[in-house]
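Accompanying notes for the structure given below.
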Amino acid sequence: MNSFTTLQTGWIPDIRDPRDWTIEKPEVIGSVGNLQLSHRRTPPPQVDLREDADGVYFTSPGNQSPLNCSSVFSCLSLIEYFERRGLGNTFEPSALFVYKMARKLRGLTGDSGVDLRSTLKAIVRYGVPPYHFWPYDPEKFDKGPCDMSLLGYAREFAHVQYFRLDRRNSNGETLLETVKSFLAARFPIAFGFPVPYSLHRGPEIPYRPTFDGIRGGQAVVAVGYDDNHPSTTGGALLIRSSWGHDWGENGYGWLPYSYLLSQLATDFWTVIRPDWLDSGEFLRPSIMSHPKQTIPSHP
3 MNSFTTLQTG
13 WIPDIRDPRD
23 WTIEKPEVIG
33 SVGNLQLSHR
43 RTPPPQVDLR
53 EDADGVYFTS
63 PGNQSPLNCS
73 SVFSCLSLIE
83 YFERRGLGNT
93 FEPSALFVYK
103 MARKLRGLTG
113 DSGVDLRSTL
123 KAIVRYGVPP
133 YHFWPYDPEK
143 FDKGPCDMSL
153 LGYAREFAHV
163 QYFRLDRRNS
173 NGETLLETVK
183 SFLAARFPIA
193 FGFPVPYSLH
203 RGPEIPYRPT
213 FDGIRGGQAV
223 VAVGYDDNHP
233 STTGGALLIR
243 SSWGHDWGEN
253 GYGWLPYSYL
263 LSQLATDFWT
273 VIRPDWLDSG
283 EFLRPSIMSH
293 PKQTIPSHP
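In structure tokens form, the structure reads like this:
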């Protein structure tokens with residue numbers, strides 16, 4: 003087992019808000035429910051969204067070190083995937099701009115980390131300027147350009163909608179079914195989980211809740227799953243982290259389903275936008291009901 007000593011995490015769990023959109027929201031049903039339904043009635047035993055015969059949908063995982071901004075990397079990975087898969091666009095965002103604006107929304111200062119909801123809200127409200135306007139220089143994470151013209155990029159993301167998959171009062175089995183249903187329909191999902199002290203550089207994340215301490219919360223992106231992953235007895239999610247290439251399999255790893263079934267992993271979010279959905283690249287998740295109405299903007 004190779005040691006892994008990074009302490010950079012940064013996921014702050016969301017404070018539950020009854021206004022959060024979920025898959026039961028009529029607007030979400032009306033949008034995602036209009037997509038073509040897969041010919042499969044249940045999700046397949048294995049999914050990997052990283053690439054297929056038509057293209058590669060993620061660039062190489064980044065490295066957040068030494069900042070606690072995993073929520074930002076995860077949310078921007080969602081946007082990158084939909085831009086690349088839905089529209090064929092390249093996407094080179096300024097993570098530091100989003101980190102700054104997300105902390106501003108939460109009233110946080112310093113390298114505090116941030117929650118996923120605030121990060122997604124910052125993307126919709128303030129946009130995402132290109133990387134070259136505020137490159138990833140950790141020493142300048144709080145000293146970026148004060149150019150109001152950067153807010154002009156908000157128009158491009160104003161119609162992005164975000165909703166959570168872990169509904170109130172749902173159990174771990176329902177959550178796992180929902181997550182697999184969306185992944186099988188080609189929707190990656192950002193979420194957070196407690197990082198155990200026994201984490202190592204290998205791709206297999208341990209699940210030992212009785213014997214393990216927690217070093218912090220990390221936001222990642224679920225990009226697939228395997229019901230028969232050899233390192234687990236009950237399957238695992240394929241996750242994209244932001245610890246660079248030295249961790250896992252070039253930045254990807256496996257999180258046992260046990261984290262979802264025990265509800266240690268929480269705050270499962272995905273995003274949609276009309277032009278992405280119109281591309282024909284995405285399917286209606288098997289867990290979704292039939293369409294009712296189209297989707298408006300967030301209030």
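Add 2 to the 1-based position in the sequence shown for the numbering used here, that's all there is to it.
Every residue gets a Cβ at the ideal spot worked out from N, C-alpha and C, and that includes glycine.
{"query": "Measuring straight from C-alpha to C-alpha, what distance separates Phe159 and Arg275?", "result": "9 Å"}
{"query": "What's the C-alpha gap between Ala124 and Asp22?", "result": "15 Å"}
{"query": "Asp144 by DSSP, collapsed to three states: which one?", "result": "coil"}
{"query": "What does the Cβ neighbour count give for Gly237, buried or exposed, with the cut at 16 atoms within 10 Å?", "result": "buried"}
{"query": "Taking 8 Å as the threshold, find out whether the region 166-181 comes into contact with the region 252-262 through three or more Cβ pairs.", "result": "yes"}
{"query": "Mapping DSSP to helix, strand and coil, what is Glu179?", "result": "helix"}
{"query": "To the nearest angstrom, report how far apart Leu89 and Leu167 are at their CA atoms.", "result": "24 Å"}
{"query": "What do you get for Asp117, buried or exposed, if any count of 16 or more other CB atoms within 10 angstroms of its CB means buried?", "result": "buried"}
{"query": "Rounding to the nearest angstrom, what Cα-Cα distance links Gln163 and Trp278 in this structure?", "result": "11 Å"}
{"query": "Which runs of the alpha helix (DSSP H), 4 residues or longer, sit entirely within the region 172-241?", "result": "174-186"}
{"query": "Is it right to say Asp50 is buried, meaning 16 or more other beta carbons lie within 10 angstroms of its own, or is it exposed?", "result": "exposed"}
{"query": "Could you compute how far the alpha carbon of Val222 sits from the alpha carbon of Glu94?", "result": "18 Å"}
{"query": "Measure how close the beta-carbons of Gly219 and Thr11 come, nearest whole angstrom, since I'm counting them as under 8 Å.", "result": "6 Å"}
{"query": "Which first and last residues belong to the beta strand (DSSP E) in which Pro258 is found?", "result": "Tyr254 to Pro258"}
{"query": "Just verifying my parser: in three-state terms, what is the DSSP assignment at Arg119?", "result": "helix"}
{"query": "In this structure, how does DSSP classify Tyr155 when only helix, strand and coil are distinguished?", "result": "helix"}
{"query": "Quick one: Cα of Gly204 to Cα of Ser151, how far?", "result": "43 Å"}
{"query": "Just tell me which of Ile216, Ser183, Leu201 and Ser200 has its CA closest to the CA of Tyr227.", "result": "Ser183"}
{"query": "Can you check which of these residues, Leu39, Asp248, Gly154 and Phe165, is closest to Cys77 by C-alpha distance?", "result": "Phe165"}
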